[in-house]
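The sequence shown begins at 11 in my numbering and counts up by one. All C-beta atoms in this analysis are idealised placements derived from N, C-alpha and C, irrespective of residue type, glycine included.
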Amino acid sequence: MIGGGALAVAGFAGYRVMSARRAMQSTAIIDTVPSGGFGAETTAEQATAGLDLRDKTVLVTGATSGLGLETMRVLAMRGAHVIGTGRTLDKAAAAMQGMTGRMTPAAVDLADFDSVAACAEAVHAISGTIDILICNAGIMALPELQQVYGLEKQFVTNHLGHFLLVNKLLPQVTSAPQGRVVMVSSMGYRWAPAAGIEFDNLSGERDYEPNKMYGQSKLANGLFSLELARRLKAMGSPATSNSIHPGVINTNLSRHFAKWKQLAGSLIGWTFMKSVEEGAATTVYVATYPELAETSGYYFEDCNAVKPIGRMEDAPLAAKLWEKSAELTAKYLA
């Protein structure tokens with residue numbers, strides 16, 4: 011899937027392939043950011059080889075399948091205490107069965123702000139500090155407009171739910187010796203509307219198009235990470251915030267696409283599609299690589315900081331999005 015999720019890109023498989031290849035060809039590596047020498051074929055186990063994370067507490071959202079499950083597995087294998095979330099406590103606990111390491115299940119429905127607030131309280135009770143907060147959960151390309159709180163559901167689930175969760179847990183992240191927030195965004199941010207974020211259409215009712223709204227939510231992930239990095243720096247906190255694109259991966263995030271589109275995408279996309287093990291590599295790399303301790307406000311692909319295009323680095327837009335997001339979740343931030 012594309013970014014947290016699916017091979018699906020637009021309405022037909024050929025466009026998906028061309029979009030993915032074009033995206034891969036147009037991102038320039040930022041060589042001033044430390045690099046571990048990893049790339050597109052690196053797996054999560056390889057990216058964390060030799061690390062001892064026994065003193066780390068990690069929260070991973072969407073840990074019941076796909077990238078989140080692999081992220082949880084590998085970090086727990088390296089010794090971290092991983093709090094893995096699912097939409098229900100039973101689903102989160104079931105995902106941990108048979109795994110080795112310290113794992114604690116937690117429940118959160120990111121489209122339900124009461125659930126997000128309850129999850130934050132549960133995490134407070136589990137651990138006083140969060141060394142690494144990985145915002146991985148998401149939904150993609152809902153075929154028909156769905157709304158929550160009068161807002162388009164992808165924007166709520168992928169962005170606002172994580173915005174609220176991160177802000178509720180930020181004191182625990184900043185109290186860690188070197189806290190890190192990792193936002194699983196997507197190269198799908200390029201499908202966002204021309205305005206970037208349509209503040210006058212957050213309901214999604216005007217010309218709803220699944221991929222455009224998905225792109226808006228993924229752009230929001232990146233902009234949120236960018237503004238969070240700025241705010242952490244202004245606070246004098248050593249905590250960092252970065253966003254990542256995991257790669258084009260065939261996971262269940264694309265479940266809302268028609269079966270023929272999923273099949274066509276898989277057949278055409280096999281030459282550049284990553285495995286889940288490879289897809290989780292950039293997430294765990296940014297979350298744990300020691301030399302990235304002071305790296306904040308960047309966007310990563312294939313375990314390298316890259317120069318995004320379009321509005322992903324639009325600082326004024328990021329600040330505006332933060333203010334609007336705070337307004338929309340004000341009741342729960344108090």
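For residue i, count the other beta carbons within 10 Å of its own beta carbon; 16 or more makes it buried, fewer makes it exposed. Which is it?
i	result
P256	buried
Q182	buried
A340	exposed
R83	buried
G160	exposed
M106	buried
A274	Bear in mind that a pLDDT of 46 at A274, under 50, signals an unreliable position, so the number given afterwards is only what the model happens to contain. Label assigned to A274: buried.
E333	exposed
E80	buried
C245	It should be noted that the sequence gives Met, not Cys, for residue 245. Its Cβ having fewer than 16 others within 10 Å, M245 is exposed.
G138	exposed
G279	A caution first: G279 carries a pLDDT of 48, below 50, which makes its placement in the model too unreliable to give a value.
R190	buried
A104	exposed
Distance check for residue j and residue i, CA to CA, integer angstroms please.
i	j	result
H134	L179	8 Å
I140	A186	6 Å
I144	P203	26 Å
T184	S247	7 Å
G96	E237	27 Å
D41	G47	11 Å
F173	A147	12 Å
E208	D122	22 Å
E154	G171	20 Å
S285	I259	6 Å
D62	R88	6 Å
R64	L77	22 Å
V19	L212	Caution is warranted here: a pLDDT of 35 is assigned to V19, below 50, making its placement in the model unreliable, and the coordinate value is therefore given only provisionally. If you take the alpha carbons of V19 and L212, they lie about 21 Å apart.
S235	G320	16 Å
S195	S75	17 Å
D100	G60	32 Å
L175	C129	8 Å
E131	T98	15 Å
T1	G72	The structure shown does not extend to residue 1, since the chain spans only 11 to 344, so no value can be given for it.
R240	G214	29 Å
T53	L338	38 Å
W201	E162	16 Å
D210	E55	43 Å
H169	T292	20 Å
Q157	T167	10 Å
M197	A127	29 Å
A205	L327	10 Å
A325	M193	17 Å
M322	E311	14 Å
L229	I254	11 Å
K66	R216	45 Å
A116	N231	22 Å
K243	M283	36 Å
Tell me the residue span of the beta strand (DSSP E) that contains residue i.
i	result
E311	Y309 to E311
T67	T67 to V70
V192	R190 to V194
L143	I142 to C145
V316	N314 to K317
Apart from the five residues just before and just after residue i, which ones in its own chain have a Cβ nearer than 7 Å to its Cβ?
i	result
A336	L343
Q164	I149, L152, M223, Y224 and S227
A329	E237
P220	A151, L152 and P153
E51	E288
Y218	L155
Y295	G46, F48, A57 and C313
N177	L343
Between residue i and the rest of its own chain, which residues show a CB-CB distance below 8 Å, the 5 nearest in sequence each way excluded?
i	result
A38	V316 and K317
T114	H91, V92, I93, G94 and I136
A86	V92, M109, T110, G111, R112 and M113
P44	Y299, E301, L302 and T305
Taking residue i as part of the alpha helix (DSSP H), name the residues at either end of that continuous run.
i	result
P326	A325 to L338
I136	F123 to I136
Y231	Reading the sequence as shown, one finds Asn at residue 231 and not Tyr. Run containing N231: P220 to M245, per the alpha helix (DSSP H) assignment.
L174	G171 to T184
E288	V286 to G289
A57	A54 to A57
T81	G76 to M87
Within the present structure, is the beta-carbon of residue i separated from the nearest heavy atom of the ligand COA by less than 8 Å?
i	result
M87	With respect to small molecules bound, the structure shown includes none, and the ligand COA cannot be examined in it.
Among all the DSSP beta bridges, which residues are the ones paired with residue i?
i	result
A116	T95
T250	R190
L348	The chain is shown from 11 up to 344; residue 348 falls before or after that span and cannot be answered.
I39	V316
Excluding the 5 residues preceding and the 5 following residue i in the sequence, name in chain order all residues of the same chain whose CB lies nearer than 6 Å to its CB.
i	result
Q188	P248 and A303
S125	V118 and D119
V68	L85, A90, V92 and I142
R31	Below a pLDDT of 50, predicted positions are generally treated as unreliable, and R31, at 40, falls in that range; no measurement from the model is reported.
G307	L236 and A239
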